Amino acid sequence: MLFLAQDTPAKETLPPINYPAIMPVLIILGVACVGVLVEAFLPKHQRWSAQVFLTLLALVASGVALAFYMGDAPSAGETTLSGTVAIDSPALFLWGTLLALSLGAVLMIADRSVEPGGAFVATAAIRPGTIQDREQRLGAHPARRDAARFGMQTEVFPLTLFALGGMMVFCAANDLLTMFVALEVLSLPLYLMCGLARRRRLLSQESAVKYFLLGAFASAFFLYGLALLYGYAGSVKLEDIANAAAGSDRSDTLLFGGMALLIVGLLFKGSVGPFHAWTPDVYQGAPTPITAFMAACTKVAAFGGILRVLSVGLESTQWEWRGIMWGVAIVSMIIGAVLGLTQTDIKRMIAYSSIAHAGFLLIGAIVLSPEGVSSTLFYLLAYGFTTIAAFGVVSLVRDADGEATHLSQWAGLAKRSPLVAAVFTFLLLALAGIPLTSGFIGKFVVFSAALSSGMAPLVVVALVASAIAAFFYLRVIVLMYFSEPAPDGPSVTVPGAFTTAAITLGVVVTLLLGIVPAFALDWAGTGTFAVR
């Protein structure tokens, strides 16, 4: 009895958990686990409809939970789970952005009309180039052709939810260990999904292997940097690292070494040059819906983590790392803009475009002011919707081998399908930052924040890089409108309801954020990072 009495106070000291605050993440991860059970127990012909319903329900329910919490959320933010997760204004904005972008990506993943049977292989165990591989891509046998038409590797839906849950935790993590666990949770499903393309399976599996190997290196950099910072500060919490860096007689070697390795790992996930080597190959080889998901959502999560680490954990050392980050931003913009000019594949061109945009985003991230944070958050929102819609259009231009991604195949597209060409033109102009699009507002607010922080030389370089990058966007527009289509050129597939909804969502948001951006800008600037 005495032993039980002594144990009673220990139960009262357990850290409280604010379940309403983390309910959006719990819903996503909980439904992902349910999706795994669906794969185990439901017959194959019932899985697609069940998985699509569960995934869309999870996104809507998580969004509703987020909206309810935001109504009563403290303005200064709060931490929960023993201070490992910070629920503050930037985290809530990033969560809302991730849920909205994931909705568009999931609609593209679920579509089975653009590519009969869906963009994903019917059976993952089938080796590329075998008879079974040809048959699952609408081969000769009628019965197997029908099975291939409706067959799809539906594990992709719970994998998407697991990746999304990891992204949500990653951009709200208040300590480096939680951030590392979230990094692996978001990365491992993506490695698998990149290798599940129904067509061009060798290229798809090659992209998955490259992404996995380079991602493992990046994770090692991140973990080694975490270890060095723990050795320096005696803690993995960002606040403790910031306090130790602000006033400590410990060796700066551990601090700067750990900081450098940690930032390399973060920049890799954001596909920031020169840590971008995986991006073009993976964008090209992965199934286009997964490419859209990665290009939009992974960048949001990565820069959410970069913003939190720089603003909360390393702000007091900004004079040591700011010059290096200037150089990284310049290199990323130049690599993206210049090498994008040489690309002949539309998906690789958008990949180098994302590298250039990562440089623009990094400018806002290193400003370290409320204006810098809010402008970067808005840029992530605007870029994400434009990118998802752009990849949705790319999936519609097809020939007998699948998607026609070589630029020469896009010649005269406006004569074959004026509507698709007009939509893609609008999206390319948004990526170039032309007025009346979200891209222009995003660049304007980021460059304005940088100018107010005394970073005029960096803004000049960014403007030059934007002008160079605009050339390869305009090249595609000229190719579509002022070239004659080849007689045996690709056709434009009529999109299904899901792909149509995803493209429409991206185009409408891109237009609205370019004309009336006040709501999103106000939401992005409502608060700062919580530090407790």
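Just add 71 to the spot in the sequence shown (first one is 1) and you have this note's numbering. Each residue gets a CB set at the ideal place from its N, CA and C atoms; glycine is no exception. Fair warning: this is a prediction, and the values are worked out from it, not measured in the lab.
Review point. Alpha carbon to alpha carbon, how far is A19 from Y301?
Key: An answer regarding residue 19 cannot be provided, because it is not within the stretch 72 to 603 covered by the chain.
* Helix, strand or coil for G463 per DSSP? -> Three-state result, G463: helix.
If you reduce the DSSP assignment to three classes, tell me which class A132 lands in. Helix.
- What do you reckon, are the CB atoms on L309 and L247 nearer than 9 angstroms? Yes, Cβ-Cβ distance for L309 and L247 is below 9 angstroms.
**OP:** For the region 588-601 and the region 441-449, state whether three or more C-beta atom pairs, one from each stretch, are separated by less than 8 angstroms.
**Re:** Touching, per the Cβ criterion.
Please report how far the alpha carbon of L127 lies from the alpha carbon of V135, in whole angstroms.
Distance between the alpha carbons of L127 and V135 is about 12 angstroms.
Chain-order list of residues whose beta-carbon lies under 8 angstroms from that of A121 (same chain, five-residue window excluded):
Beyond the five residues adjoining it in sequence on each side, A121 comes within less than 8 angstroms, by CB distance, of V109 and L113 in the same chain, given in chain order.
Quick one: Cα of A279 to Cα of T388, how far?
Straight-line Cα distance between these residues: approximately 37 angstroms.
Using alpha carbons as the reference points, say which of Q355, L576 and G328 lies closest to L474.
It is Glu, not Leu, that sits at residue 474 in the sequence shown. Taking only the C-alpha atoms, the option nearest E474 is Q355.
Q.
The beta strand (DSSP E) that contains E226, what's its start and end?
A. Run containing E226: none; DSSP gives neither H nor E here.
(Q) If you reduce the DSSP assignment to three classes, tell me which class G407 lands in. (A) Helix at G407.
task = Leaving aside the five residues before and after I405 along the sequence, list all residues of the same chain whose C-beta is less than 7 angstroms from its C-beta, in chain order.
result = Cβ neighbours of I405 beyond the five flanking positions: A536.
Does the Cβ of V531 have 16 or more other Cβ atoms within 10 Å, making it buried, or fewer, making it exposed?
V531 should be labelled exposed.
Quiz item: In terms of residues, what are the limits of the alpha helix (DSSP H) holding E277?
Solution: Per DSSP, the unbroken alpha helix (DSSP H) holding E277 starts and ends at R272 to A304.
With a threshold of 8 angstroms, are at least 3 pairs of Cβ atoms found where one atom belongs to the region 227-237 and the other to the region 159-179?
With the rule of 3 Cβ pairs closer than 8 angstroms, the region 227-237 counts as touching the region 159-179.
For F339, which three-state DSSP category applies? Helix.
- [ ] Under the assumption that S466 contacts T359 (Cβ atoms under 8 angstroms), give the Cβ distance between them as a whole number of angstroms.
- [x] Yes, they are in contact, since the Cβ atoms of S466 and T359 sit about 5 angstroms apart, within 8 angstroms.
Could you check if C242 is buried or exposed, using at least 16 other CB atoms within 10 Å of its CB as the buried criterion?
C242 is buried by the Cβ-count criterion.
| query | Can we say the region 486-496 touches the region 546-563, given the rule of at least three CB pairs closer than 8 angstroms? | reply | Yes, since at least three Cβ pairs between the region 486-496 and the region 546-563 fall closer than 8 angstroms, the two stretches touch.
Practice prompt. Report the three-state DSSP secondary structure of F638 (helix, strand or coil).
Written response: Lying before the first or after the last residue shown, residue 638 is absent from the chain, which here runs from 72 to 603.
task: Would you mind stating whether G336 and G296 have Cβ atoms separated by less than 9 angstroms?
output: G296 is positioned such that its CB atom lies closer than 9 angstroms to that of G336.
Self-check item: Segment limits, beta strand (DSSP E) that includes R183
Solution: Neither: R183 is in no beta strand (DSSP E) and is coded neither H nor E.
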